[in-house]
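>
In the working numbering, the protein residues as written are 3 to 541.
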């Protein structure tokens, strides 16, 4: 009985104190969690189902994975506890989430009734909320992590307002605030997104917070921002907000007007322009994560979500699509080279783009090896780049950046070259620009293609692309195709031409590599702080 009086208070203390301090402190907090579960187990022995659930949870609480979450490790059950290896920024948040989820399950299993379970959770929630708005960043960060786990239903705008205000205050601390605290705040927002109602006045504008955070040089914050962006998009799609507001792109550009004094500054620094091309601007920011193995899955997941949501929020009336939605072209281009290891992967990507695979893929028995990506290519006509110069230019720029920065395999690089060659059939100057931009590695690229692939069609594509480049360069240089001097001079000049062409439409940032570092990015955090200020003051 006494244990049941203080279940929420005990859970709150455990989550605030877990996995920090000396070994004896960590073992004491872990022991407190074990004592809580054991006491609740003893009080529910007369209820077989609850007792069994608590027994299983007791085993979980003593498992190596849970010990690791408490910052402990030991060789076996009879060994002394040792401090586990130090957590990185994400692991610390993950560990606290795991502990919180375990305690949530304990409460659900131990409560004699749904009413008491709700009382315990409500009390725990009130303790977390009151703690989350204290001055100490350490306490705030942990409280917001717990809050994100507990607040999985019926989150109102008042609570979201408090979270945003606290987030803004933290960002205003500048370099004093550490990355784990920023991660905990972003994770909290990510977790509460699905619980927001369609009527939330903050939800549409929240889209621009993770988009702005994608500028950060910090890889950990970048990955968390991807998760937040995907959560915001999924939540709005679930509430049918895109279908009711003329699609994702138009709706988000409308909400962008609230930040008329902020986003143009961000665009100028990044060399992008969402008005010129929403999809290419957003894809450029996201794609840098694909280059890093630890972030590739999150980046691709976000791009796939954007692809699905964009195509399904602007359906073709009663008819199957005959080409890709123009607002989804960049997402598809960024995903395609990584989805060609099998015919099934390409077919799945086409289905996500709301396109019938049978219309665009040849039958499996027509010489296509299901395990070989180099023979799987889609016509450029599907992307709508053959008749639109600006789209073709941006597509070539995006593929050039992808080839230059992501260390593609020969098969992936082959697909990129194939696409550039296809675009060159209508826009040879753009293909020449792309090859010229990678002049330093073009011989190596071609060598890789010829040495690592036996596909005659691929050899033909590579040869045609080289010939197209030299012919176009000779035309620009005023000499015959065989004139090496004229060709090299023209290619050298064309490198600037590619950047200049993109600069003319304010999209030259497509070509930038955007490396990661350990810094959080003070300028980016200041922009996000200002953006949150606009949201909470005008909504």
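C-beta: ideal position from N, C-alpha, C; glycine also. Everything numeric in this text was worked out from a predicted model, so none of it was measured.
Can you tell me which of the three DSSP states residue 120 falls into?
Looking at residue 120 - three-state DSSP - the assignment turns out to be helix.
> Please give the ranges of any alpha helix (DSSP H) in the region 208-279, keeping only runs that are unbroken, at least 4 residues long and fully inside the region.
With a minimum length of 4 residues, the continuous alpha helix (DSSP H) runs that stay inside the region 208-279 are 210-215, 221-240, 243-246, 249-258, 265-272.
> Would you say the region 399-419 touches the region 287-307, given that touching needs at least three Cβ pairs under 8 angstroms?
A contact exists between the region 399-419 and the region 287-307.
> Is DSSP giving residue 15 helix, strand or coil here?
Note: residue 15 maps to helix in three-state DSSP.
> Can you give me the start and stop residues for the alpha helix (DSSP H) that residue 527 sits inside?
Segment 524-540, the alpha helix (DSSP H) holding residue 527.
> Quick one: grab the DSSP three-state call for residue 573.
As shown, the chain starts at 3 and ends at 541. That puts residue 573 outside it, with no answer to give.
> Report the start-end ranges of each alpha helix (DSSP H) in the region 128-157 that is 4 residues or longer and not cut off at the edges.
Complete alpha helix (DSSP H) runs here, min 4: 139-152.
> With the cut-off set at 9 angstroms, would you say residue 38 and residue 13 are in Cβ contact?
For residue 38 and residue 13, yes; Cβs fall inside 9 angstroms.
> Quick one: give me the first and last residue of the alpha helix (DSSP H) that residue 52 is part of.
That run of the alpha helix (DSSP H) goes 50-63.
> Does any residue of chain C have a CB that is nearer than 9 angstroms to the CB of residue 405?
You won't find chain C in this structure, because it holds only one protein chain.
> List in chain order: all unbroken alpha helix (DSSP H) runs of 4+ residues lying wholly within the region 401-440.
As far as the region 401-440 is concerned, its whole alpha helix (DSSP H) runs of at least 4 residues are 412-426, 430-439.
> Taking its Cβ as the centre, do 16 or more other Cβ atoms sit within 10 Å of residue 361, making it buried, or is it exposed?
It counts as exposed.
> Find out if the Cβ-Cβ distance for the pair residue 172, residue 135 is shorter than 9 angstroms.
No.
> Indicate the three-state DSSP secondary structure (helix, strand or coil) for residue 519 in the structure shown.
Three-state DSSP puts residue 519 in a strand.
> Does the region 203-223 come close enough to the region 247-261 that 3 or more CB-CB pairs lie under 8 angstroms?
Touching, yes, given that three or more Cβ pairs across the two stretches are closer than 8 angstroms.
> For the putative contact between residue 216 and residue 227, defined by C-beta atoms under 8 angstroms, what is the C-beta separation to the nearest angstrom?
Rounded, the Cβ-Cβ distance is 5 angstroms, consistent with contact.
> State the CB to CB distance for the pair residue 327 and residue 307, rounded to an integer number of angstroms; the pair is presumed to be in contact (CB under 8 angstroms).
With a Cβ gap of about 14 angstroms, residue 327 and residue 307 do not count as contacting.
> Less than 9 angstroms separating the beta-carbons of residue 17 and residue 105?
Going by C-beta atoms, residue 17 is nearer than 9 angstroms to residue 105.
> Can the beta-carbon of residue 231 be found less than 9 angstroms from the beta-carbon of residue 251?
Going by C-beta atoms, residue 231 is not nearer than 9 angstroms to residue 251.
> Quick check: residue 395 and residue 336, are their CB atoms within less than 9 angstroms of each other?
Cβ atoms of residue 395 and residue 336: not closer than 9 angstroms.
> Would you mind working out which of 356, 20, 35 sits nearest residue 385, comparing C-alpha positions?
When each option's Cα is compared against that of residue 385, the closest is 356.
> Buried or exposed: residue 47, going by 16 or more other Cβ atoms within 10 Å of its Cβ?
Burial call: exposed.
> Determine the DSSP secondary structure at residue 90, reduced to helix, strand or coil.
Of the three classes helix, strand and coil, the one that applies to residue 90 here is coil, per DSSP.
> Give the DSSP-derived three-state secondary structure of residue 85 in the structure shown.
DSSP places residue 85 in strand when its eight states are reduced to three.
> Taking the alpha helix (DSSP H) that residue 362 belongs to, which residues open and close that run?
Start and end: 359-362.
> Ignore the nearest five residues each way along the sequence and tell me which others in residue 192's own chain have a CB closer than 6 angstroms to its CB.
The answer, listed in chain order, is 229, 230, 233.
> Could you name the residues of the same chain whose beta carbon sits closer than 8 angstroms to that of residue 151, not counting the 5 residues immediately before and after it, in chain order?
99, 102, 103, 106, 193, listed in sequence order.
> Report yes if the CB atom of residue 245 is closer than 9 angstroms to the CB atom of residue 315, and no otherwise.
Yes, the pair counts as a contact, with Cβ atoms nearer than the cut-off.
> Does DSSP classify residue 326 as helix, strand or coil?
DSSP places residue 326 in coil when its eight states are reduced to three.
> Enumerate in chain order the residues of its own chain whose CB-to-CB distance from residue 10 is below 6 angstroms, with the five nearest sequence positions on each side excluded.
122, 125, 126, listed in sequence order.
> Out of 398, 431, 430, state which residue places its alpha-carbon closest to the alpha-carbon of residue 417.
Minimum Cα distance to residue 417 is reached at 398.
> Measuring alpha carbon to alpha carbon, tell me which of 271, 263, 468, 301 ends up nearest residue 536.
It is 263.
> Going by the beta-carbon positions, is the gap between residue 25 and residue 111 smaller than 9 angstroms?
Contact: no.
> Here's a check: name, in chain order, each residue in its chain whose Cβ is nearer than 8 angstroms to the Cβ of residue 49, leaving out the five neighbours to either side.
Only 114 meet the Cβ criterion.
> Please report the straight-line C-alpha distance between residue 439 and residue 508, rounded to a whole angstrom.
If you take the alpha carbons of residue 439 and residue 508, they lie about 18 angstroms apart.
> Would you give the residue range spanned by the alpha helix (DSSP H) that residue 173 belongs to?
Taken as a continuous stretch (DSSP letters only), the alpha helix (DSSP H) holding residue 173 covers 159-173.
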